[in-house]
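Chemist: Dropping a structure here in structure tokens format, bear with me for questions.
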Amino acid sequence: MILHKFILFISVAMLLVSCSKDDEPVTPSIEQANLSVGLQLRSQSESKASGDDPNALPGESDIHNLTAYVFNSDGSERIGYGRVENPKSDMLTVTDIETRPERIMLVVLANLPESVAGSIGSYAGLQSSLADLASQSQESLTFSTQVIRTEQALVKGEDNLIGFTAGENIDNISTPLLLTRIAARVEMNTIQTRFAGSSLKGCTVRIDHIALANVKSKSLFFSEGDWGKVEAPAGQAALIYGAGVSEAASLFAPGSHPSDYLGSDFNLTVNDNTPRLTPVFETYAFENSSSDAAPTLLVVKATLVESNQTRIFTSPINRNGVLNGYDHNYVKRNYIYRLHVTFTETSFDDDASLDVRVEVAGWGYVHQTEEIK
């Protein structure tokens, strides 16, 4: 009798387990494809360099991590994600990204904080994310590729390639995707006086402070097109460091100290015989085309030593870039703005002005000594 009860108990238990499993939803198996992406830092010349970029300061071309986002074709869903810490500097790749065999959208970023990287769930989410200027440093600048929208679907069960110089690539994209910085660098490159033959002959100028004003606080992380616009709209990126300052020097009180600007104090003297011909000030700024905000300004506080006359000079950065042969005005991503400042005999007159020549250069890529295969 006991044996019969035991067998009955087992039978009922198995029936209950069977019913329980039948009630659970069945998760269909999802077809999977793998994706690998080849990358390189961009160069204006598009030619390879075996050594470091002469325009880059130490650390400015370092890649500490790579983050690849794969979205479905309409961007509504993130269907793949890959992150590589400390990639090889001569072989930038993100490999074996698990995704789905369909048409995709792809964006890759470099030097993205992990706290930001994992929180993106859709293309719109990545579009609306903004980088803070405070996160940009000489040792860790943010880079991004353009958006890749494939016409060809990824192939199920295969390691699909994009940006590899060997092998069969999706949509025949066999050139490594270019990584472009989202920040620009501004530097005071030279300072000199041109007083000879004037009433200021032999006079000395002391540089008290160099700064930037009207700097945008945020930037988009990427652009749709290659080296495209990443400027954050005015409503999403407040101007910081002297926000809204006009270039009219008369707006500054005599002797005022622009301590809230992005800059540094100096005690640097120059005259006709002792110009400063090496950079004395370098900082980073985000894109500002001056289309919806005041232009980013160079601000220099200087004193004519002999008369103890102090003035604050302002000049929009690269306002006449196109006129001077460059392809843009004002501040654009991935460019270096080298400012050459000259004080003339009229600089300390009532309508103070400063002669500023702007040299615009692009960063190149470095460490790309091997083919990506």
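When you line the sequence shown up against the working numbering, it's residues 988 to 1360, in that order. Don't be surprised by glycine CBs; every beta carbon is placed ideally from N, CA and C.
Let me make sure I understand the geometry here. Which of Asp-1338, Asp-1342 and Asn-1316 has the alpha-carbon closest to that of Val-1328?
Modeler: Comparing Cα positions, the closest option is Asp-1342.
Chemist: Pull up the distance between the alpha-carbon of Leu-1388 and that of Thr-1297, whole angstroms please.
Modeler: Nothing about residue 1388 can be reported from this structure: the residues present for the chain run from 988 to 1360 only.
Chemist: Quick one: complete beta strand (DSSP E) runs, 3+ long, within the region 1248-1330?
Modeler: Counting only runs of 3 or more, we get 1249-1257, 1268-1273, 1284-1291 and 1296-1303.
Chemist: Under three-state DSSP, which class holds Gly-1108?
Modeler: It is coil, neither helix nor strand.
Chemist: Give a yes or no on whether the C-beta atoms belonging to Leu-1226 and Val-1217 are separated by under 8 Å.
Modeler: Their beta carbons are not under 8 Å apart, which means Leu-1226 does not touch Val-1217 by this criterion.
Chemist: Exposed or buried, what is Leu-1053 when buried is set at 16 or more other beta-carbons lying within 10 Å of its beta-carbon?
Modeler: It counts as buried.
Chemist: Spatial neighbours of Val-1361 within its chain, please: CB distance less than 6 Å, with the 5 preceding and 5 following residues excluded, ordered by chain position.
Modeler: In this structure the chain extends from 988 to 1360, so residue 1361 is not present and cannot be described.
Chemist: Whose CA, out of Arg-1087, Val-1094, Leu-1326 and Arg-1181, lies closest to the CA of Leu-1199?
Modeler: Ranking Arg-1087, Val-1094, Leu-1326 and Arg-1181 by Cα distance to Leu-1199 puts Leu-1326 first.
Chemist: List the DSSP bridge partners of Asp-1337.
Modeler: Partner(s): none; Asp-1337 has no beta bridge.
Chemist: Smallest Cα separation from Glu-1089: which of Phe-1130, Thr-1137, Asn-1042 and Val-1309?
Modeler: Comparing Cα-Cα distances from Glu-1089 to each of Phe-1130, Thr-1137, Asn-1042 and Val-1309, the minimum goes to Thr-1137.
Chemist: Are the region 1050-1069 and the region 1106-1114 touching, with three or more C-beta to C-beta distances below 8 Å?
Modeler: Cβ pair count under 8 Å is three or more, so yes.
Chemist: Measuring alpha carbon to alpha carbon, tell me which residue in Ile-1157, Val-1024, Ser-1186 and Asp-1083 is nearest Val-1094.
Modeler: Out of Ile-1157, Val-1024, Ser-1186 and Asp-1083, Val-1024 has the C-alpha closest to the C-alpha of Val-1094.
Chemist: Do the CB positions of Arg-1172 and Ile-1323 come within less than 8 Å of each other?
Modeler: Contact: yes.
Chemist: According to DSSP, is Asp-1158 part of a helix, a strand, or is it coil?
Modeler: DSSP places Asp-1158 in helix when its eight states are reduced to three.
Chemist: Taking the continuous beta strand (DSSP E) assigned at Thr-1180, which residues delimit it?
Modeler: Run containing Thr-1180: 1170-1181, per the beta strand (DSSP E) assignment.
Chemist: Rounded to whole angstroms, what's the CA-CA distance from Ser-1122 to Leu-1096? Just pull it up for me.
Modeler: Roughly 14 Å between the two C-alpha positions.
Chemist: Please confirm if the region 1304-1319 is in contact with the region 1272-1285, defined as three or more CB-CB distances below 8 Å between the two stretches.
Modeler: Yes, the region 1304-1319 is in contact with the region 1272-1285.
Chemist: For Gln-1125, which option in Val-1081, Asp-1252 and Arg-1168 has the closest C-alpha, if you only look at C-alpha atoms?
Modeler: Checked all of Val-1081, Asp-1252 and Arg-1168; the closest Cα to Gln-1125 is Arg-1168.
Chemist: Within its chain, find whatever has a CB closer than 8 Å to the CB of Asn-1275; leave out the 5 residues flanking it on each side and keep chain order.
Modeler: Counting only Cβ-Cβ distances below 8 Å, and skipping sequence neighbours, we find Asn-1201, Val-1202, Lys-1203, Glu-1218, Pro-1282, Thr-1283, Tyr-1317 and Val-1318.
Chemist: Per DSSP, what are the beta-bridge partners of Met-1092 in this structure?
Modeler: Bridge partners of Met-1092: Phe-1058 and Arg-1136.
Chemist: Determine which residues share a DSSP beta bridge with Arg-1070 and list them.
Modeler: Answer by DSSP bridge pairing, in chain order: Thr-1054.
Chemist: Buried or exposed: where does Pro-1041 fall if 16 or more other Cβ atoms within 10 Å of its Cβ makes it buried?
Modeler: It is exposed - the Cβ of Pro-1041 has fewer than 16 other Cβ atoms within 10 Å.
Chemist: Ignore the nearest five residues each way along the sequence and tell me which others in Lys-1143's own chain have a CB closer than 8 Å to its CB.
Modeler: Glu-1018, Gln-1019, Ala-1020 and Pro-1088, listed in sequence order.
Chemist: Leaving out the 5 sequence neighbours to the left and right, which residues in its chain are closer than 6 Å to Ile-1359 when beta-carbon positions are compared?
Modeler: Any answer about Ile-1359 is weak, because its pLDDT of 32 lies below 50 and its placement is not dependable; what the coordinates show is given next. Within the same chain, Ile-1359 has close Cβ partners Gly-1025, Phe-1151, Thr-1152 and Pro-1163.
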